[in-house]
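The structure under discussion appears below in the form of structure tokens.
So, in structure tokens, the structure goes:
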């Protein structure tokens, strides 16, 4: 038996993917050097190895009595051949895969003799503790389908006790939507950390979601106590729910389905399949029939467009974790303190017992409780925690929510200020870095050392060097954030320089020279923006505030020459989230997500709240509208959006952002370096 590699490369169309079969970590590179690459095999095989099932669900489209044409040997031969061609994962379904004779032996054989990551979806009834113990060493992920008659609570609890990576599949039908919040709370209590919502594809109109159901489902996903994601069959529906990648679902190209009667389909809902008997047959049919495989399913409910979009992305490195797809983004925290000592002290009490990416240690929970800070059940420790100068930086790559909300509260509690909160970030995250020296003569040697270390270009300005340092998210990687930060700190010490750094989101190509040239003007008044769950909570918080205060629905905006961190902590203590905005201009964004009301109708209604200096942009989709206002007076604009929400009876998601986050971060870092130097 030869040991199988954990990291495997897989060519995409114009990009290169590296996949880790044990953890489900994916690393995608889009660069000039990868543009020539083309897929040589599907990344994933969905293997409907049998139609046999021990349950009879009314919505199931499969023929339960159809026999399986596969044996353990034939299934192994096809899958091992596809693995040699480059396929990374196999996900067994059916039917009920555990009802296939010899399934356990097939899983063990594949795990031993191929590099495939192996998963299966089950109703859980046949998955005893003994059987799970036998299969577990060979599995990537188990997914449990929840029905009314399959005792899913026992299956979920069994998987959680065993420590098996698992998730739950829920069919989102009109009947299920109303009870979904309570079911998600129950799943969270049972130890489930991942829920995938499936869209019904079929001819029963009673099982398809209407517009009101979609709106309700969107709110449920946003408020879920469990990490909740959408299946690819939702397509461009529910646009306000973040996606890992947009575009076509990938059926027939990125993944294919093998049926129990040895047919190749783009997905299980597609029409007649192509007969196959070997791995070579699968690859030939996959390559030669893209025109057929890329078409939508004939069944109502398929969200695929007739002309699939290309999956080419902007150049960069993207890292995420998930088997057979994911719907996640980065989680980022940047907190600033008055001194480096305060930043270091904040972290020193957390480092003991810290397990990157794991659940909060009991000592953390006790520490936070003693400080009056509540810890939610779905919070997880950052993969990376750093103190760099006066800043505390935290980062977790590709997660599904706010993993460290309690730690944000603690920044304010410990007399710091949050200057950046990133939740579900899909933009590139870079480390904005500034070195300062007393003697400008020392800068050339430092610049040469940075260039030799391949940290990327640094730009000189006076007695400072400014750069944007890229990193890979996974903790423990040689290019990870913590490793790069340690090397930068050592370089600063070696050259007698002061170092300051912040994590910055870069939604487009970074332009360091332009950001430096802007000398971003500082606001005459610092702003504190607090967002609450309700207008009532916002009003209670604002009741005792003094100064220039705007209360707009669930938002509170305080604009003062100076305010203490106590106000930020009180916002968190009362269930809100607080962020300090330091720039002169702010972008106020409103998302009309339930239906597209039309920019021509909405913009005139918003005009009375705008000043002559405000810059307005609109972006429309089929079912939604986004309006962005770049302004020096965010208070009236915020008021306008929330009053428009009441007038229209239409929910509008409103957010505040710096208009140039890179310029603001560099301005803060320049000030810090100059002060420390």
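Numbering (the working numbering), first residue to last: 6 to 682.
C-beta: ideal position from N, C-alpha, C; glycine also.
As the structure is a computational prediction, the values presented were derived from the model and not from experiment.
Coarse secondary structure for residue i, derived from DSSP in three states
i, result
"residue 197", "coil"
"residue 268", "strand"
"residue 510", "strand"
"residue 320", "coil"
"residue 553", "strand"
"residue 587", "strand"
"residue 645", "helix"
"residue 15", "strand"
"residue 352", "helix"
"residue 21", "strand"
"residue 234", "strand"
"residue 239", "helix"
"residue 630", "strand"
"residue 577", "helix"
"residue 300", "coil"
"residue 38", "helix"
"residue 546", "helix"
"residue 293", "helix"
"residue 45", "coil"
"residue 258", "coil"
"residue 521", "helix"
"residue 615", "coil"
"residue 640", "helix"
"residue 560", "strand"
"residue 625", "strand"
"residue 344", "coil"
"residue 217", "helix"
"residue 376", "coil"
"residue 534", "strand"
"residue 371", "helix"
"residue 57", "coil"
8 Å Cβ cutoff met for residue i and residue j
i, j, result
"residue 340", "residue 375", "no"
"residue 50", "residue 263", "yes"
"residue 636", "residue 560", "no"
"residue 23", "residue 14", "yes"
"residue 679", "residue 441", "yes"
"residue 47", "residue 261", "yes"
"residue 426", "residue 584", "yes"
"residue 125", "residue 98", "yes"
"residue 473", "residue 504", "no"
"residue 322", "residue 34", "yes"
"residue 437", "residue 674", "yes"
"residue 253", "residue 309", "yes"
"residue 581", "residue 546", "yes"
"residue 347", "residue 461", "no"
"residue 672", "residue 592", "no"
"residue 197", "residue 147", "no"
"residue 127", "residue 112", "no"
Bridge partner(s) assigned by DSSP for residue i
i, result
"residue 336", "401 and 428"
"residue 325", "31"
"residue 280", "268"
"residue 516", "BP columns for residue 516 are empty, so no partner."
"residue 610", "Answer is none; residue 610 lacks a bridge partner."
"residue 439", "471 and 505"
"residue 658", "596"
"residue 663", "591"
"residue 3", "The shown model of the chain, from 6 to 682, leaves out residue 3, and the question about it has no answer."
"residue 171", "147"
"residue 176", "203"
"residue 434", "510"
"residue 52", "97 and 263"
"residue 423", "340"
"residue 635", "592 and 620"
CB contact below 8 Å: residue i versus chain D
i, result
"residue 231", "The structure shown has no chain D; it contains just one protein chain."
Legend entry - Three or more C-beta pairs below 8 Å linking the stretch 376–392 and the stretch 447–457: When C-beta atoms of the stretch 376–392 are compared with those of the stretch 447–457, fewer than three pairs fall below 8 Å, so the two segments do not count as touching.
Legend entry - Ranges of the alpha helix (DSSP H) found wholly within the stretch 75–161, counting only runs of at least 4: If we require 4 residues or more, the alpha helix (DSSP H) runs fully inside the stretch 75–161 come out as 77–90, 108–118 and 134–140.
Inset, instruction - Identify every run of the beta strand (DSSP E) within the stretch 446–506, keeping only runs that are complete inside it and at least 3 residues long; order them along the chain. - result: Whole beta strand (DSSP E) segments, 3+ residues: 463–466 and 469–474.
Legend entry - Given 8 Å, three or more beta-carbon pairs between the stretch 210–220 and the stretch 155–168: The stretch 210–220 vs the stretch 155–168: no contact.
Inset, instruction - Decide if the stretch 97–116 is in contact with the stretch 129–137; the criterion is three or more beta carbon pairs, one per stretch, under 8 Å apart. - result: They touch, by the three-pair rule.
Inset, instruction - Answer yes if the stretch 548–556 comes into contact with the stretch 496–505, meaning at least three C-beta pairs across the two stretches below 8 Å, and no otherwise. - result: With fewer than three CB-CB distances shorter than 8 Å, the stretch 496–505 does not count as touching the stretch 548–556.
Legend entry - Three CB pairs or more closer than 8 Å across the stretch 637–657 and the stretch 612–620: Verdict: yes, contact present.
Inset, instruction - Evaluate the contact criterion for the stretch 529–539 versus the stretch 563–575: three or more CB pairs, one atom per stretch, below 8 Å. - result: In this structure the stretch 529–539 lies against the stretch 563–575, because at least three pairs of beta carbons, one per stretch, are closer than 8 Å.
Legend entry - At least 3 beta-carbon pairs within less than 8 Å: the stretch 218–237 vs the stretch 284–293: Not touching, per the Cβ criterion.
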